[in-house]
Amino acid sequence: MATTASLTTGRRVDGEGNISVRAKLRYAPSDTFEGILAISYSEDDIYGNTRKPAPAGTFANIGGTNIAPDLRDRQPNEDGFLDREITGFSWKMDWQVGNGTFSSVTAFRNVEINWFQDLAGLPTPPFILRTSNLWREESDQFSQEFRYSFDAMDDRLHGLVGLFYLTEEVDREEEFIRSFAGVASNPEFNQQNDTTSYAVFGQATYDFSDKLHLTLGTRFTADDKEIDLAVVDLSGGTLPSLAPATETYAIDTDEGWDEITSSVSLDYFVTDDVLIYGRIAEGYKSGGFQTAPASAVAALQSYDPETALTFELGVKAEWWDKRIRTNISVFKNDYEDLQVLQLVEAVPGDLSTLILVTDNAADAEIKGVELEVLAALTEGLTVGGTYSYLDAEFEDYVTNKGADLAGFKLRRTPEDSFSIFAEYAFNAGNVGDIVIRADLQQKGDQFFENDNRAVSFEKGYDLINASVRWISTDARWQVSLWGKNLGDEEYRATSISVADSGFSRIGPPRTWGLSFKYNFGDS
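What follows is the structure, given as structure tokens:
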């Protein structure tokens, strides 16, 4: 993978290595029972992940050292890294019972993360602000789902009922290493988060005819969250500050929420190849607690659940003897208590106390159009593309600083985006199959902050990617040579606005890689 170097440490930035392994075992002793065991493991080793003041703004020339003008020239005082391991197991069982199927899905996942980042990307000395973050986390998640699907009324009614249970435990140690104008701090947030979620759900589809189908669904969800959080001073009191905390404390609190959500959809087949559909659905996202609250009072305060009401109309069609497929939809999402991220100063005027908090906006609306086209032009040659238009804005939102953001655009919601691709696959005889692919992804103009300040604006950009993949004759081996951002486009992937600057993550440069895949099972 291509990398660039840090101007201050001399070591590479934005390097990445990934390993993933997946295995499945199918057990089917009879025609009425099937079990599938799935095991997965992935490991990510990302080094040199750091931010850059872009634009430099206030930090352009403090202490006599300029911020490097090139977007990719990084000057962190420390190199960052991210080590992540994810292990997962699932066991799915299906029994044929009468006119239906009883299914059980049991799953477990363990995630371990060790992460360090210079959050500002400022060289120190001479800069007066240093802010680094060390984050160690382990989480265990277990889920169990039972469901029964059935057909009735001479196969005109198709139903599904089920139960869902999830429990998750997250242990996190988050350490801040900061200094501002010579005042240093080194607090650590030690927390354990326990989540328990239950759900009962059902869905039924009734076929009025071969062309007209009505589907109704409902779900009851109950979530309980408990947090045990303590802030300690790792300096033992030798440093004059606790930023971004304002005090040491220990709290233990819990909160619960529940919601009933429903959906209704109507499908009509104009012909065998043209489907018109409409859908209305309610959505729910549970509330929670802040990850690094500055004080005990803030730690005890939860944020509320988010709810949404979605309207969608669409047409799915196949043309030219099913060689062309088109999907188009128009939609509108109305949000209440939308959960948004805000960057706030725990101590007003002290940049070293900046923390990200989750807040509830009163109301927001997202409406748009999505289009997808896929065409098999000749044997082996497939082309396609997508386009989306989004109009996303707050309808009612006053921030905790009193700013009225009604009519402002939601962060990271570009108005226009599209992608196109071409793929050619052919058989190379005893060598195997070769697949050549190229694609263009265009991301439209967007803001990184909900207040739409100028410094958070990112102009649209294009990314060109390509790959060549070899598949062995028995389909067990696959080797891919790929390249991303072949045009070497410079852009900010994310940014946190501070005054007239932005602590930004820069998108990867022109990147290449080689991937290997081996299938141990049947092809």
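Residue numbers are given in this note's numbering: position 9 of the sequence shown equals residue 44, and the series is strictly consecutive. We put the CB at the ideal spot given by N, CA and C, even for glycine. Keep in mind it's a predicted model, so treat the numbers as computed, not measured.
Does the pairing of the stretch 304 to 313 with the stretch 259 to 276 give three or more beta-carbon distances under 8 Å?
Touching, no, given that fewer than three Cβ pairs across the two stretches are closer than 8 Å.
Just to confirm the assignment, what range does the alpha helix (DSSP H) spanning L154 have?
Taken as a continuous stretch (DSSP letters only), L154 belongs to no alpha helix (DSSP H), as it is neither H nor E.
Among L264, L391, Y370, E371, which has the Cα closest to the Cα of V379?
For V379, the nearest C-alpha among the options comes from L391.
Could you round the C-beta distance between D259 and G291 to whole angstroms and report it? I think they count as a contact, below 8 Å.
Confirmed, Cβ separation roughly 4 Å.
If I measure Cβ to Cβ from A327 and keep anything under 7 Å in the same chain, skipping five residues before and after, which residues do I get?
The answer, listed in chain order, is E209, F224, P279, I390.
Please list the segments of the beta strand (DSSP E) lying wholly inside the stretch 509 to 534, counting only runs of 3 or more residues, in order along the chain.
Whole beta strand (DSSP E) segments, 3+ residues: 512 to 519, 527 to 533.
Hey, R472 and E493 are a contact pair by Cβ (cut 8 Å); roughly how many whole angstroms apart?
Wrong, their Cβ atoms sit about 27 Å apart, outside the cutoff.
Nearest-angstrom Cα distance between A37 and W150?
Since pLDDT at A37 reaches only 42, below the 50 mark, its modelled position is unreliable, and the value read off the structure follows with that caveat. So the alpha carbons of these two residues sit roughly 21 Å apart.
In the DSSP assignment, the alpha helix (DSSP H) including V332 goes from what residue to what residue?
Note, V332: alpha helix (DSSP H), 331 to 335.
I'd like to know whether the C-beta atoms of G92 and D535 end up nearer to each other than 8 Å.
Yes.
Taking just the CA atoms, how far does G479 sit from P543?
So the alpha carbons of these two residues sit roughly 18 Å apart.
Measuring CB to CB, does L521 end up less than 8 Å from I506?
No.
Taking Cβ to Cβ, would you say P90 is nearer than 8 Å to V490?
A contact, by the Cβ cut-off of 8 Å.
Between the C-alpha atoms of R358 and N554, what's the straight-line distance to the nearest angstrom?
Near 29 Å, if we compare the C-alpha coordinates of N554 and R358.
Identify whether S270 lies in helix, strand or coil by the three-state DSSP scheme.
Three-state DSSP puts S270 in coil, outside helix and strand.
Specify whether the stretch 346 to 353 and the stretch 362 to 371 touch according to this definition: at least 3 beta carbon pairs, one from each stretch, less than 8 Å apart.
Flag = yes, the stretch 346 to 353 and the stretch 362 to 371 touch.
Strictly under 8 Å for the Cβ-Cβ distance: is E51 near chain C by that measure?
Absence of chain C from the displayed structure is noted, only one protein chain being present.
Taking the Cβ atom as the reference point for each residue, do F199 and A234 lie within a distance shorter than 8 Å?
Contact flag set, yes.
Express the C-alpha separation of F68 and T373 in angstroms, rounding to a whole number.
First, the amino acid is wrong: residue 373 is Leu here, not Thr. Whole-angstrom Cα-Cα distance: 44 Å.
Considering only residues of the same chain and omitting the five flanking positions on each side of G551, which have a CB-CB separation below 6 Å?
First, the residue type needs correcting, since residue 551 is Phe and not Gly in the sequence shown. Excluding positions up to five away in sequence, the list reads V514.
Thinking C-beta only, is A427 closer than 8 Å to T448?
Yes. Within cutoff.
Give me the Cα-Cα distance between A316 and Q477, rounded to the nearest whole angstrom.
Taking the straight line from one Cα to the other gives about 30 Å.
Quick check on S507: does DSSP put it in helix, strand or coil?
Looking at S507 - three-state DSSP - the assignment turns out to be coil, as it is neither helix nor strand.
Is the beta carbon of Q152 closer than 8 Å to that of N221?
Contact flag unset, no.
Could you spell out where the beta strand (DSSP E) holding G384 opens and where it closes?
First-last for G384: undefined, no H or E at that position.
Taking only the alpha-carbon atoms, compute the straight-line gap between S232 and E204 and give it to the nearest angstrom.
Using only the alpha carbons, I get a separation of about 12 Å.
Rounded to the nearest angstrom, what separates R46 and R107 at their Cα positions?
Distance between the alpha carbons of R46 and R107: 14 Å.
By Cβ distance below 6 Å, which residues in the same chain neighbour D129 in space, the five residues on each side in sequence not counted?
Cβ within range, chain order: E69, T136, S138.
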